[in-house]
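J.:
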Amino acid sequence: MTAPTNPADMPAQPINLTSRALRPFGTTIFTTMTRLAQQHGAVNLSQGFPDYDGPSFIKDAAKKALDTEHNQYAPMPGVPALRKAIADRFTRDTSLPCDPDAHVVVTSGCTEAIAAAMLGLLNPGDEVILFEPFYDSYRACVAMAGCTARFVSLRPPAPSPGSIVDRPFTFDPQQLREAITPRTRMILINTPHNPTGKVFSREELTLIAELCVKHDLIALCDEVYERLLLSDEPHINLASLPGMQHRTLTLSSIGKTFSFTGWKIGWAVGPSNLIAAVRSAHQFLTFAVVTPLQHAAVVALSDEDRCVRPLVAELKANRDKLASALASLAFTVYQPRGTYFIMADHSTVSPKLGAKDDQDFCLKLIERVGVAAIPPSVFYNSLELGKPLVRFAFCKKPETIDEGVRRLQALRSM
Ligand code: GLN
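Mapping of the sequence shown onto my numbering: residues 1 to 414, in sequence order.
#1: Hey, which unbroken runs of the beta strand (DSSP E) at 3 residues or more fall wholly within the segment 119–160?
#2: Just curious, the alpha helix (DSSP H) that F30 is in, first and last residue?
#3: What residue from P24, M76, T68 has the CA that sits closest to F284's CA?
#4: Please go through the segment 217–245 and give each complete beta strand (DSSP E) segment of 3 or more residues, from N-terminal end onward.
#5: Report the three-state DSSP secondary structure of I401 (helix, strand or coil).
#6: Does T2 come out as helix, strand or coil in the three-state DSSP assignment?
#7: Among K397, L353, D357, which one has its Cα closest to the Cα of L411?
#8: Assign L323 to one of two classes, buried (16 or more other C-beta atoms within 10 Å of its C-beta) or exposed (fewer than that).
#9: Give me the DSSP bridge partner(s) of A372.
#10: Quick check on R406: buried or exposed, where buried means 16 or more other Cβ atoms within 10 Å of its Cβ?
#11: Let me check you understand the geometry: is the CB of F30 closer than 7 Å to at least one non-hydrogen atom of the ligand GLN?
#12: Taking only three categories from DSSP, how would you classify L251?
#13: DSSP on T107, reduced to helix/strand/coil?
#14: Taking the DSSP output, what are the residues bridged to I164?
#15: Buried or exposed: where does G386 fall if 16 or more other Cβ atoms within 10 Å of its Cβ makes it buried?
#16: Just to confirm, does A270 get its C-beta within under 7 Å of one of the non-hydrogen atoms of the ligand GLN?
#17: At which residues does the alpha helix (DSSP H) containing T94 begin and terminate?
#18: Measuring only from the beta carbon, is Q38 closer than 7 Å to any heavy atom that is part of the ligand GLN?
#19: Should T339 and N194 be called a contact, given that it needs their Cβ atoms to be closer than 8 Å?
#20: Mapping DSSP to helix, strand and coil, what is F25?
#21: Measuring CB atoms only, is the segment 263–283 touching the segment 90–104, in the sense that at least three cross pairs come out at less than 8 Å?
#22: Q38 to P398, Cα distance in whole Å?
#23: Helix, strand or coil for I417 per DSSP?
#24: Less than 6 Å between C-beta atoms, sequence neighbours within five positions excluded: which residues of the same chain meet that for G370?
#25: Under 7 Å from any heavy atom of the ligand GLN, does the C-beta of N318 make it?
#26: Identify the continuous alpha helix (DSSP H) that holds R20 and give its terminal residues.
#27: Have a look at S413 and P351 and give me their C-alpha separation to the nearest angstrom.
#28: Do T250 and E233 count as a contact pair if the criterion is CB distance below 8 Å?
#29: To the nearest angstrom, how far is the alpha carbon of L36 from that of A288?
#30: From the DSSP output, read off the bridge partner residues of L389.
#31: Look up W263 in the DSSP assignment and give the residues it is bridged to.
#32: Assuming V152 and Y334 make a contact with CB atoms under 8 Å, what is their CB distance in whole Å?
#33: Going by the C-beta, is Q47 closer than 7 Å to any heavy atom of the ligand GLN?
#34: Near L119, which residues of its chain fall below 8 Å by C-beta distance, leaving aside the five closest residues on each side in sequence?
#35: Please return the same chain residues whose Cβ sits closer than 7 Å to the Cβ of F25, not counting the five positions on each side in sequence.
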C-alpha cells in the first residue's frame, strides 16, 4: 500500500483494527509496568524476569551450538535429543512412560504451548475453567480460540497487617463444581501458581482429577515454576494422579528453572492424541523453535540439580528479606511456597499514598517511592478481589532486593 498523499485522506484517529477477540486485552501489564519502571528509574520488582543470567556452562553450550552448524530449522516437534531429555525427565518426575516421538512437542516458551494446546484442542463455544488470579495469556488464548472462560477464585486467608501469613490461597470446591457445564472441555491448573505462590496440595489436585474424570475434561497444567519450591510443600504432577495420564498435558520450560526467560524454550508432554493436536497448531504458529538454544537446553536438563539448588537458596533469601520488609511496613504478606512472586495486601499502606486501588497504588509506588510492582486486578475476572493486592517479583540480584527494600522505607514517613 502506498502512503496517502492528501492529508484529507488520513483518518483523524488511527482506526483500531485489532480483532474483536483481542481488543479487550490491550497491552500486557508486564510491558506497561516495565516501561514505567524504566521511565521513572524505579527498582523493577514488577515483571518476573531475573536481572542476572543463568549458568555459564549453558551459555557455552549455546555458543557451541551456534558454531557447529545448528542454525537451520529444527524438526517441527523439536530437536530429538531435547525431546528425549524432556521425556526422560517427565518419567523421572512422574513414573509415567513417555515416548519422545509421540508424547513431546517443543514450543516457543510455555506461552506458545498454552496457545497451541487451546487452538489445537478447543472448538468455538467450548468452555475452559481458569483459576483466578490467572496468568494473563490464558484468558486471551481462550478468546483467540473462540471459547468462553469460567472462573474459580483463589482467595487469600484473612489479612493480618504487619504479618507474614503462612497459609495458602484456597478455592471453594463447590464453586469449582458449579463452574463445570456440559460445554466445559478443559481446565487449566498452574502450580506452583503465579501470582499467589500457591502450590496446589494433593487433596486439591485429587478433587480436580476426580472432576476431570467425571466430566471428561482435558487438564492443561502450566508447571513452569515446578522446581522453584520454597517450602516443604511438594510439587505434584496432576498427570500422575489416577485417571489423569490420558487427559493431561503437562507444560513447562527452561525459562524459570535455569534463569533464561529470553530463550523461550518450552514444551508440552502428554498422550499422543493430545500432543498430535498441540503439534497441529504449533506447526502453523511457529513451525519450529530456535535450533541452537534447543541444543543448549539439552545440556541444561542434563545437570538440573546443580542449577536449581543455588537458585532456590537465593530465592528463599530474597523472599525472606522482602517479606519481612513488607510486613514491617504494615502490609499483610502472603508467604509464597513456590514461584518467585510475593502477594501482599496493601490496604493499610495505600492510604499513605492516597491510592484507591491496586492500579493506583502501583502507579504511585513507582512515582513516589521508586519501586515497580504489578497490580493483580488484571489477573482477575472479579476485579474487586485483586484491588487490595500487589505482586512483587523477587527473582532479582540480592542488591536489587536491598535497594527495593531501602526505597520502600520511604513509606514509613508518609
Ligand atoms: N511470567 C512473567 C510474570 O508473571 C512475565 C512474562 C511476560 O512478561 N509476559 O511476571
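From the three backbone atoms N, C-alpha and C, an ideal C-beta is built for every residue, glycine too.
T.: With the structure as the only source:
#1: 127–132, 148–153
#2: 29–40
#3: M76
#4: 218–222
#5: helix
#6: Residue placement at T2 is flagged as unreliable, the pLDDT there being 47, under the threshold of 50; a coordinate-derived value is accordingly withheld.
#7: L353
#8: The sequence given here places Ala at residue 323; Leu does not occur at that position. Buried, by the Cβ-count rule.
#9: N44
#10: exposed
#11: yes
#12: strand
#13: strand
#14: V333
#15: buried
#16: It is worth fixing the name first, because residue 270 is Gly in this sequence and not Ala. Flag unset: Cβ of G270 not near the ligand GLN.
#17: 80–94
#18: no
#19: yes
#20: helix
#21: yes
#22: 19 Å
#23: No statement about residue 417 is possible, as the shown extent of the chain runs from 1 to 414 and does not include it.
#24: A42, R407
#25: no
#26: Looking at the DSSP string, R20 is not in any alpha helix (DSSP H), and its letter there is neither H nor E.
#27: 13 Å
#28: no
#29: 34 Å
#30: D345
#31: None, per the DSSP bridge assignment.
#32: Not a contact, Cβ separation roughly 18 Å.
#33: yes
#34: C141, M144, A145, A281, L285
#35: A140
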